[in-house]
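**Q** What follows is a single structure, and I will ask about it in a moment.
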Amino acid sequence: MNRNVLIAGGGIAGMAAGFAAARAGWRATVFERAHAFSEVGAGVQLGPNVTRILQAWGLGDALKQVAAFPAGLRARSMNTGEVLATFPLKDAVSNYGAPYVTLHRADLHGLLLQAAAREGVQVHSDSVVQRVHQTPDSVMFDVMQHGQLQHHHGPAAVAADGVWSPLRQQLLGDGLPVFTGHIAYRALVAQADLPLHLRSQDVLVWMGSQAHVVSYPVRGGDYLNVVCLAEGRLLDDDANDLQALQTWNAQKSEAQTLVELHHALRGACAPLTDLMAACSDWRLWPLCGRPAMQGSHQHAQGRVALVGDAAHPMLPYLAQGAGMAIEDAAELALQLDHATAEDVSERLQQFAQARWQRNARVQARAVRNGQIFHATGPMRLGRDMGLRLMGARLMDVPWLYGYDRN
């Protein structure tokens, strides 16, 4: 049997899918549109539901080399600085059997890329998958590789080409993602460049009204990833500009960025304003999304599976975007492990049935968290009081962190 799986997209979702498929005995070929992988300054949080998978894949030691292991999460009031609640992330190992880690997105991608290379995964850069064709027996990708149109065949394929997935548009025809009205401002700062009182090895979440700030250590704790998420004020002139919405690493002038941050964080306490002032080189990421998944058809069509943001873009308010992509890859490998050329479509339907409801639940919970983090008026007062009274019980998510398909 020809056990070649074609994968559109070489980001975290695509590399995880390629690596997992290769471990299941498939020859994985990844097509990435970029000329080279870039090191964008963004952080990633991985809960024990995800690190459990990486450990099972034999990547636990590699993860330790690049990740930070925060002891706790502290929720604070953006305006007063009060610590509203704490959650002991260090207990993830005893509670769920795997750690909670934070790391640089490029380090996670590099870890997966190296692991995939060891498994023989072929990665082609400057390769744009333009179209997918299916017959009852096979799949074909039309790929523009280095300016030349090439055709690649196999019994199975994966669309891991991101939130703006062209393959999703071809397969599902359900329109483009929608701008949520939320923008993420991202910065990365060396801890050594910060005064002692601003350095942190914990996850900090500063909650306000229509905005919040999260910071956590990356690169073994040497750097601090800082993200301000604010609503509605930031792309008023560009909200209908598709190119602007598709840019997740944009940069504005420093003066304009500072004005926007000052507006989003008006009334913030001194420790938070000090932290924001210590950061520079802010990058913008307009958050675009889709409604929560409605059915298994959004995860697989015939011999093509959709994974990661191509299937279920996640708002960052549950810190599970990368995690769900890795969970997708693990489930895909479970189904491909015993697949034959004849039953690939059935196996991918089983993959879709196993994944769509969980991903829909995570999508919905992320939206709900965003509403809580950005609550105004009486809802904000209720949020703060609830955190004071219930603390860790509100922040623990057993159904999320305890998930283990094995």
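Residues in the sequence shown are numbered from 1 upward in steps of one, following full-length UniProt numbering. Cβ atoms here follow ideal geometry from the backbone N, Cα and C, with glycine treated the same way.
Near residue 363, which residues of its chain fall below 7 Å by C-beta distance, leaving aside the five closest residues on each side in sequence?
**A** 292, 293, 312 and 314
**Q** Near residue 156, what residues of its chain come up, given a Cβ to Cβ distance below 6 Å and the 5 sequence neighbours on each side ignored?
**A** 5, 303 and 344
**Q** Please return the same chain residues whose Cβ sits closer than 7 Å to the Cβ of residue 99, not counting the five positions on each side in sequence.
**A** 48, 51, 69, 92 and 93
**Q** Near residue 122, which residues of its chain fall below 6 Å by C-beta distance, leaving aside the five closest residues on each side in sequence?
**A** 29
**Q** Can you give me the C-alpha to C-alpha distance between residue 234 and residue 260, rounded to a whole angstrom?
**A** With a pLDDT of 48 at residue 234, under the threshold of 50, the modelled position of this residue cannot be trusted, and the question is left open.
**Q** Let's see if you can read the secondary structure: which residues bound the beta strand (DSSP E) around residue 142?
**A** 139-145
**Q** Which residue comes first and which comes last in the beta strand (DSSP E) that contains residue 188?
**A** Looking at the DSSP string, the run of the beta strand (DSSP E) that includes residue 188 is 178-190.
**Q** At the level of alpha carbons, what is the spacing between residue 337 and residue 17?
**A** Those two C-alpha atoms are separated by around 13 Å.
**Q** Which value, in whole angstroms, describes the spacing of the CA atoms of residue 381 and residue 55?
**A** 41 Å
**Q** Where does residue 381 sit, in a helix, a strand or coil, going by DSSP?
**A** helix
**Q** Ordered along the chain, which non-local residues of its own chain (more than five positions away) have a Cβ less than 6 Å from that of residue 227?
**A** 184, 186 and 214
**Q** Return helix, strand or coil for residue 283, following the three-state DSSP convention.
**A** DSSP, read as helix, strand or coil, puts residue 283 in strand.
**Q** May I ask you to verify whether the stretch 267-284 touches the stretch 7-23, counting CB pairs closer than 8 Å and requiring at least 3?
**A** Short answer: they don't touch.
**Q** Tell me residue 228's beta-bridge partners as DSSP assigns them.
**A** 185 and 213
**Q** If you run the structure through DSSP and keep just helix, strand and coil, what is residue 373?
**A** helix
**Q** For the stretch 19-88, which segments carrying the beta strand (DSSP E) assignment without a break, of at least 3 residues, lie completely within its bounds, in sequence order?
**A** 27-31, 43-46, 73-77 and 83-87
**Q** Exposed or buried, what is residue 218 when buried is set at 16 or more other beta-carbons lying within 10 Å of its beta-carbon?
**A** buried
**Q** Using three-state DSSP, classify residue 131 as helix, strand or coil.
**A** strand
**Q** Out of 57, 83, 21 and 167, state which residue places its alpha-carbon closest to the alpha-carbon of residue 271.
**A** 83
**Q** Ignore the nearest five residues each way along the sequence and tell me which others in residue 37's own chain have a CB closer than 6 Å to its CB.
**A** Cβ neighbours of residue 37 within its own chain (closer than 6 Å, five residues either side excluded): none.
**Q** Pick out whichever of 396, 225, 403 and 124 has its Cα sitting closest to the Cα of residue 34.
**A** 124
**Q** Using only alpha-carbon positions, find the residue among 387, 96 and 339 that is nearest to residue 24.
**A** Comparing alpha-carbon positions, the option among 387, 96 and 339 lying closest to residue 24 turns out to be 339.
**Q** Work out the CA separation of residue 211 and residue 420 for me, nearest whole Å.
**A** Since the first residue shown for the chain is 1 and the last is 406, residue 420 is missing from the structure and cannot be characterised.
**Q** Determine the DSSP secondary structure at residue 340, reduced to helix, strand or coil.
**A** coil
**Q** Tell me whether the stretch 197-206 and the stretch 160-180 touch, counting them as touching only if at least three CB pairs, one residue from each stretch, are closer than 8 Å.
**A** No, because fewer than three Cβ pairs between the stretch 197-206 and the stretch 160-180 fall closer than 8 Å, the two stretches do not touch.
**Q** Apart from the five residues on each side of it in sequence, which residues of its chain come closer than 6 Å, Cβ to Cβ, to residue 180?
**A** 287 and 289
**Q** Under DSSP, the alpha helix (DSSP H) around residue 399 begins and ends at which residues?
**A** 398-401
**Q** Assuming residue 385 and residue 359 make a contact with CB atoms under 8 Å, what is their CB distance in whole Å?
**A** No, residue 385 and residue 359 are not in contact; Cβ-Cβ is about 32 Å, not under 8 Å.
**Q** Residue 230 and residue 264 - do their beta-carbons sit closer together than 9 Å?
**A** The Cβ-Cβ distance between residue 264 and residue 230 falls below 9 Å.
**Q** Take residue 391 and list the residues in its own chain whose beta-carbon comes closer than 6 Å to its own, dropping the five residues that flank it on each side.
**A** Excluding its 5 nearest sequence neighbours in each direction, residue 391 has C-beta neighbours in its own chain below 6 Å: 85, listed in chain order.
**Q** Give the DSSP-derived three-state secondary structure of residue 2 in the structure shown.
**A** coil
**Q** Pull up the distance between the alpha-carbon of residue 394 and that of residue 332, whole angstroms please.
**A** 32 Å
**Q** Return the chain-ordered list of same chain residues with a C-beta closer than 6 Å to the C-beta of residue 409, the five sequence neighbours on each side being excluded.
**A** One cannot answer for residue 409 here, as it falls past the ends of the chain, which runs 1 to 406.
**Q** Would you give the residue range spanned by the alpha helix (DSSP H) that residue 395 belongs to?
**A** 392-395
**Q** Taking the DSSP output, what are the residues bridged to residue 148?
**A** 145
**Q** Taking the C-alpha atoms as reference points, what is the distance between residue 327 and residue 53?
**A** 8 Å
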